[in-house]
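Trainee: This is the structure, below, for whatever I ask next.
In structure tokens:
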């Protein structure tokens, strides 16, 4: 069995607990659905947010989503200037490390809302 990475990202309309939890839950549900993941498949999840999101940890949404035994970590992204074309405000990113026999090419990355431009 190999460990594979699955990337995903989304954005929120505002910096609020509800907005962060809702966007993160939507992202995790879509990633889980597209990759047929169960919580036991996930070795770890690493969340990052842009520095303008401070009202809640995305990991809190993962716990509410049912990932109670998954190791989770949150951090802030670099404060890249808005003039950079890859800079995206109010963005939540995740890197899931999953245990699977599937090839890396079968992993489906998910980019929702404003993060579709990434």
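Numbering (the numbering used here), first residue to last: -13 to 104. Ideal Cβ positions, reconstructed from N, Cα and C, are used throughout, including at glycine.
Taking one C-beta from the region 94 to 102 and one from the region 38 to 49 each time, how about it: are there three or more such pairs within less than 8 Å?
Mentor: Output reads no: the region 38 to 49 does not touch the region 94 to 102.
Trainee: For residue 17 and residue 38, what's the separation of their Cα atoms in angstroms?
Mentor: 24 Å
Trainee: Relative to the C-alpha of residue -3, which residue among 34, 21, 28 is closest?
Mentor: 34
Trainee: Does the region 67 to 81 come into contact with the region 18 to 25, if we say contact requires no fewer than three beta-carbon pairs (one atom in each stretch) closer than 8 Å?
Mentor: With a cut-off of 8 Å, the region 18 to 25 and the region 67 to 81 do not count as touching, because too few Cβ pairs lie within range.
Trainee: Residue 74: buried (16+ other C-beta within 10 angstroms of its C-beta) or exposed?
Mentor: buried
Trainee: Take residue 32 and list the residues in its own chain whose beta-carbon comes closer than 6 Å to its own, dropping the five residues that flank it on each side.
Mentor: Taken in chain order, the residues that qualify are 59, 81.
Trainee: Could you pull out every residue in the same chain whose Cβ sits closer than 6 Å to the Cβ of residue 50, ignoring the five residues on either side in sequence?
Mentor: none
Trainee: Compute the Euclidean distance between the alpha carbons of residue 2 and residue -11, then round it to the nearest angstrom.
Mentor: Distance between the alpha carbons of residue 2 and residue -11: 33 Å.
Trainee: So residue 56 and residue 15 are supposed to be a Cβ contact under 8 Å. How far apart are they, rounded?
Mentor: Contact flag wrong, Cβ pair sits at about 15 Å.
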